[in-house]
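This report concerns only the one structure given below.
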Amino acid sequence: MLLLIFVALFCFSSIADGVPILDCGSKLGSYSRVQIAGCDTSDQPCVLHKGKNASIEIDFTTYEDATDLKAVVHGTVMIVPIPFDLPNADACQYSKSGITCPMRKGQSYKYKAELPVATRYPSVSVKVKWELQDQDGNDIVCIKLPAVIR
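Just so it is clear: in the sequence shown, position 138 is 1038 by the working numbering, and no numbers are missing.
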């Protein structure tokens, strides 16, 4: 019975508004919630609309102290990773990120960011990979979600 409750909670925490979120190698932390605004989630995958921003919130806990937090975002089309231009990748310097550095081991944080979906992006299916990395480039949190750019 306890196992069923654990599985149900894990599945619930890995879904953002109906879109399945996968952990892709969080090493120095773990996420507890991912929320995506500006993403039409009535159907899977997440629909990212050209010319608009997709907002993301990630609640996470760090396993180690970190002096810096940088967001790295890629969209993988087929097997080719393509970097997304994130104007405020340094979460410690971006006042709207909700992050204050240094970050302390065992503390919970709420990261916020906006991803501009450029009109020049092709209309394609893409797997979005969002990494929050420490000062050494190690993933504190790494998530993947299916999306379509329209």
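Idealized CB from N, CA, C, for every residue including glycine. Note that the structure is a prediction, hence the values are computed from the model and not measured.
Let's test the definition: count the other Cβ atoms within 10 Å of the Cβ of residue i and tell me whether it reaches 16, buried, or not, exposed.
i: Lys-996; result: exposed
i: Gln-993; result: exposed
i: Ile-999; result: buried
i: Tyr-963; result: exposed
i: Leu-1015; result: buried
Assuming residue i and residue j form a contact by the criterion Cβ under 8 angstroms, report the distance between their Cβ atoms to the nearest whole angstrom.
i: Lys-1029; j: Cys-924; result: 6 angstroms
i: Gln-1033; j: Thr-961; result: With 8 angstroms as the limit, Gln-1033 and Thr-961 do not qualify as a contact, their Cβ atoms being about 16 angstroms apart.
Could you tell me the distance, in whole angstroms, from the CA atom of residue i to the CA atom of residue j?
i: Asp-968; j: Gln-944; result: 33 angstroms
i: Lys-952; j: Glu-1031; result: 21 angstroms
i: Lys-1005; j: Ala-966; result: 8 angstroms
i: Val-1048; j: Lys-950; result: 10 angstroms
i: Val-1017; j: Pro-987; result: 12 angstroms
i: Gln-935; j: Asp-990; result: 20 angstroms
i: Thr-976; j: Pro-1046; result: 10 angstroms
i: Asp-985; j: Ile-956; result: 15 angstroms
What is the DSSP secondary structure of residue i, counted as helix, strand or coil?
i: Ser-1023; result: coil
i: Lys-1005; result: coil
i: Ser-997; result: helix
i: His-974; result: strand
Are the beta-carbon atoms of residue i and residue j separated by less than 8 angstroms?
i: Ile-1043; j: Gly-929; result: no
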